[in-house]
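Residue numbers (the working numbering): 3 to 94.
Next up, the structure:
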């Protein structure tokens with residue numbers, strides 16, 4: 003994958019019917035797909051056609067990710083869990 007001209011090695015991919023999550027060898031998180039309900043983690047509901055780095059997770063070393071039907075989960079090397087997307091009814 004090339005992002006801003008630099009090559010990135012993707013080591014983890016998780017996908018749902020509407021979006022995909024990616025983790026690079028350096029621990030960065032990216033997402034693409036349908037942005038409804040904020041599931042991509044970019045702070046809006048815009049659709050993203052190509053993997054885009056999740057700025058809110060910069061500075062964190064992401065080691066796992068999971069794409070749900072309307073949400074996304076990310077686990078850091080320190081054991082923190084970050085979530086974005088549909089949070090109604092206790093989902094997040």
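Here a beta-carbon is modelled for each residue, glycine too, at the ideal position from N, C-alpha and C.
Is it true that the CB of residue j sits closer than 7 Å to the CB of residue i?
i          : j          : result
residue 22 : residue 11 : no
residue 67 : residue 18 : no
Could you give the DSSP three-state label for residue i: helix, strand or coil?
i          : result
residue 42 : coil
Apart from the five residues on each side of it in sequence, which residues of its chain come closer than 7 Å, Cβ to Cβ, to residue i?
i          : result
residue 36 : 20, 21, 49
residue 54 : 32, 33, 34, 44
residue 52 : 34
residue 38 : 47
As a quick exercise: from the options, pick the residue whose alpha carbon is nearest that of residue i.
i          : options        : result
residue 80 : 38, 70, 65     : 65
residue 89 : 78, 82, 60, 72 : 72
residue 57 : 70, 29, 51     : 29
Q) Can you give, in chain order, each stretch of the beta strand (DSSP E) that sits fully within the segment 16 to 87 and has at least 3 residues? A) 21 to 26, 31 to 35, 50 to 55, 64 to 69, 73 to 78, 83 to 87
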